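What follows is one structure encoded as structure tokens, with my remarks underneath.
Numbering (this note's numbering), first residue to last: 13 to 382.
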């Protein structure tokens with residue numbers, strides 16, 4: 013017969029004090045973990061916003077780079093007859109018009125504007141058929157004497173598109189002459205019945221005209237498209253942006269009424285500066301760096317402009333009280349040009365809690381010469 017185990021009355025349990033100590037330690041550990049998780053969450057949020065800002069900036073600057081590289085694409089160098097065209101309406105955009113009768117300059121800008129742009133930043137204008145945001149503006153073809161327009165098989169112009177026609181030829185030198193029908197400087201595209209006035213002579217079988225798409229359905233006020241880049245502060249800014257920052261916009265000029273059609277590209281932008289690098293004696297070497305080319309003609313810009321540099325001052329992510337930016341001033345520019353941007357006086361209190369960055373865009377226009 014098995015014996016029953018004895019129960020010792022002297023075995024002790026956990027005392028209340030011991031239990032209280034254990035619970036206190038558990039609470040302390042939980043509080044430490046909570047603080048750690050809070051720090052991790054804040055850092056993760058900051059990094060997520062910074063990555064988002066970086067992606068937006070990359071995409072926006074790539075759009076700007078593409079437009080600069082296409083500056084001059086589809087622009088007439090001369091006109092077949094007397095022309096009278098319109099361009100942008102309102103200030104300051106009308107300052108950069110070449111209308112009513114001058115050949116359009118491929119690029120021009122306003123330096124440190126005292127009005128309209130945020131913080132006296134620059135205002136950049138790019139002219140080209142390709143800077144439009146519609147599908148038509150990305151298409152072109154050609155036509156030879158006695159033929160209808162060439163059909164590529166994909167990405168073709170559509171019947172009804174508004175187009176301009178250029179005749180690349182040598183007269184007293186090479187030119188891209190805008191073909192006109194009296195005072196009319198554009199026509200409507202047709203793949204099977206292209207207007208005879210905008211076609212080479214039927215017997216000129218070796219003559220080729222180039223057809224550029226401009227707008228899908230609006231009659232043209234100017235024989236090209238135009239995009240204006242500038243910084244403004246909209247009525248409703250993203251909450252993560254620092255005070256006195258704005259949005260970098262690309263605004264195409266409406267062919268119908270000359271107004272701006274703005275599209276936001278980059279948030280939290282404080283400044284934009286534009287610098288041009290020129291070869292003034294046509295020896296193949298850059299010998300001049302300037303901020304303003306408004307005094308140059310369209311021909312001089314085509315012959316001299318080799319490089320455009322754009323400097324964008326913005327910040328990544330939201331305000332971070334644990335972060336301290338080291339410099340109260342930032343150089344936005346190069347070669348002794350641009351400006352020294354005073355963060356402490358222009359942005360104001362809390363400027364040092366943002367991660368400021370100057371993005372440098374270097375672009376070489378590829379469509380200025382023949």
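Glycine included, C-beta positions come from ideal geometry on N, C-alpha and C. Predicted model only: the values in this text are computed from it and were never measured.
Euclidean distance between Cα positions of residue i and residue j
| i | j | result |
| --- | --- | --- |
| residue 160 | residue 144 | 26 Å |
| residue 84 | residue 375 | 14 Å |
| residue 281 | residue 37 | 49 Å |
| residue 105 | residue 134 | 12 Å |
| residue 268 | residue 200 | 15 Å |
| residue 69 | residue 358 | 22 Å |
| residue 21 | residue 334 | Note that residue 21 scores a pLDDT of 49, beneath 50, so its modelled location is shaky; the value from the coordinates is reported in the next line. The alpha-carbon atoms of residue 21 and residue 334 are separated by roughly 59 Å. |
| residue 327 | residue 253 | 8 Å |
| residue 266 | residue 151 | 19 Å |
| residue 168 | residue 206 | 14 Å |
| residue 192 | residue 78 | 29 Å |
| residue 225 | residue 330 | 42 Å |
| residue 332 | residue 162 | 58 Å |
| residue 123 | residue 166 | 42 Å |
| residue 256 | residue 244 | 10 Å |
| residue 350 | residue 172 | 45 Å |
| residue 202 | residue 153 | 12 Å |
| residue 366 | residue 250 | 15 Å |
| residue 288 | residue 198 | 32 Å |
| residue 369 | residue 211 | 52 Å |
Start-to-end residues for the beta strand (DSSP E) that takes in residue i
| i | result |
| --- | --- |
| residue 244 | 238-244 |
| residue 181 | 174-182 |
| residue 314 | Premise fails: residue 314 lies in the alpha helix (DSSP H), 310-316, not in any beta strand (DSSP E). |
| residue 223 | 220-227 |
| residue 342 | 341-344 |
| residue 136 | 135-139 |
| residue 120 | 119-122 |
| residue 189 | 186-190 |
Cross-strand partners of residue i (DSSP beta bridge)
| i | result |
| --- | --- |
| residue 328 | 367 |
| residue 373 | 322 |
| residue 392 | Nothing can be reported for residue 392: it is not among the residues displayed for the chain, which extend from 13 to 382. |
| residue 155 | 221 |
| residue 263 | 240 and 274 |
| residue 290 | 300 and 317 |
| residue 258 | 281 |
Contacts around residue i, its chain only, beta-carbon distance under 7 Å, and the 5 residues preceding and following it disregarded
| i | result |
| --- | --- |
| residue 82 | 140, 142, 143 and 379 |
| residue 274 | 261 and 263 |
| residue 276 | 259 and 261 |
| residue 353 | 282, 283, 325, 341, 342 and 344 |
| residue 361 | none |
| residue 32 | none |
Per-residue burial, residue i [other beta carbons within 10 Å of its own, 16 or more giving buried]
| i | result |
| --- | --- |
| residue 233 | buried |
| residue 164 | exposed |
| residue 178 | buried |
| residue 316 | buried |
| residue 67 | exposed |
| residue 115 | buried |
| residue 72 | buried |
Spatial neighbours of residue i in its chain, beta-carbon cut-off 8 Å, leaving aside the 5 residues before and after
| i | result |
| --- | --- |
| residue 146 | 227 and 228 |
| residue 195 | 93, 94, 95 and 96 |
| residue 35 | none |
First through last residue of the alpha helix (DSSP H) which encompasses residue i
| i | result |
| --- | --- |
| residue 305 | Looking at the DSSP string, residue 305 is not in any alpha helix (DSSP H), and its letter there is neither H nor E. |
| residue 356 | 355-358 |
Close Cβ partners of residue i (< 6 Å) along its chain, the five nearest in sequence each way excluded
| i | result |
| --- | --- |
| residue 364 | 336 and 337 |
| residue 217 | 157 and 158 |
| residue 108 | 120 and 137 |
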